[in-house]
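Numbering (the working numbering), first residue to last: 1421 to 1755. Below is one structure, written out as structure tokens, with a few remarks after it.
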Ligand SMILES: C[S@@+](CC[C@H](N)C(=O)[O-])C[C@H]1O[C@@H](n2cnc3c(N)ncnc32)[C@H](O)[C@@H]1O
């Protein structure tokens, strides 16, 4: 083994320390107390109601890793922290970190999951029982969805009047991208009542709201409608479910679509070896630790479900090409 490979492993195995201090700093709201003028560790500890000794060690580590600057005993946000990790910033990414912090407990059960095949904290319970999880999960997804959503709406290029159903639409970024691109389109976001409580808040001031409605329901049980839609979208939904559930969802989409209508599956997808891209293989373990049947599937599996449900397969395309976490869409047409 070459020396730099040994170093690579060393760096990798200690990566969790940096990640965890950042998750906790954002979850506690540390960076809101270290804006502009900066604060001493005693003040931060007092305002957060935590141990002073622990807070000093913690803040020093945040300074060592470049998220704080320490001068004369005062800690202050660095540029990157102010830009991405303070809730008041328009580029705030903290919701995702709060979600990652909570899901950390699910990852801690990986060995147990390997033995039993069952997650310690299933997604449905997290969504209905943990408000902090629900908010971080939905808002975090919204923050990272803007770019891929705009790209997909552009590729599909639907311009006529019509209606889109965004199944498990979560923060609604995908439905919103389609509606922004095409003023003649109306949209429905179908999701669980607890999720839609957050989604509605996100659209309060959005002008697309007048063409958007919300359908509370469970996508396994709720009727999608018949010959009603021009587009049915499943974005990052199928990785939460098993193969039979996914086939059933595509069948429901088929009957909900008008003739000529399109179903779009958007997700991370693995190649035929199941080992590439790396992001997708790791994301599959992420699904393993907190869903009952979820995983990342291959493009071929999507093609099989789409055809079995009655669609003609149209095309597949990589989304956010060149990024570490590129995804794919597979589009089918109702003949
Ligand atoms: C991974 S998120 C995807 C959100 C969005 N489509 C996106 O790509 O950003 C999965 C969504 O499915 C919703 N969901 C999970 N189980 C559901 C169910 N049984 N019925 C309806 N929605 C569900 C969750 O509330 C969440 O909004």
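Using N, Cα and C, we set each Cβ at its ideal position, and we do this for glycine too.
The continuous alpha helix (DSSP H) containing residue 1555 extends over residues 1551 to 1576.
Set against 7 Å, the gap from the CB of residue 1558 to the closest heavy atom of ligand 1 is smaller.
Taking a 10 Å sphere around the C-beta of residue 1606, we find 16 or more other C-beta atoms and assign the residue as buried. A distance criterion of 7 Å places the beta-carbon of residue 1711 beyond contact range of ligand 1, judged by its closest non-hydrogen atom. Its chain contains 1605 and 1650 as the residues whose beta carbon lies nearer than 6 Å to that of residue 1582, once the 5 sequence neighbours on both sides are disregarded; these appear in chain order.
Contact between the segment 1547 to 1560 and the segment 1515 to 1526 is present: 3 or more CB-CB pairs across the two stretches fall below 8 Å.
Nearest in C-alpha terms to residue 1611, of all of 1655, 1479, 1751 and 1535, is 1655. In this structure, residue 1617 has its CB at a distance of at least 7 Å from all heavy atoms of ligand 1. Residue 1656 has its CB nearer than 7 Å to a heavy atom of ligand 1.
If you look at residue 1611, you'll find it in the beta strand (DSSP E) that goes 1605 to 1611.
Put simply, of 1446, 1609, 1614 and 1584 the residue whose alpha carbon is nearest the alpha carbon of residue 1549 is 1614.
DSSP places residue 1640 in the coil class of the three-state scheme, outside both helix and strand. Rounded to the nearest angstrom, the Cβ distance from residue 1676 to residue 1646 is 7 Å, consistent with a contact under 8 Å. The alpha-carbon of residue 1573 is positioned some 22 Å away from that of residue 1672.
The beta carbon of residue 1593 sits closer than 7 Å to at least one heavy atom of ligand 1. Leaving aside the five residues that flank residue 1657 on each side, the residues in its chain whose CB is nearer than 7 Å to its CB run, in chain order, 1587 and 1588. Annotation for residue 1536: the continuous alpha helix (DSSP H) segment containing it runs 1530 to 1536.
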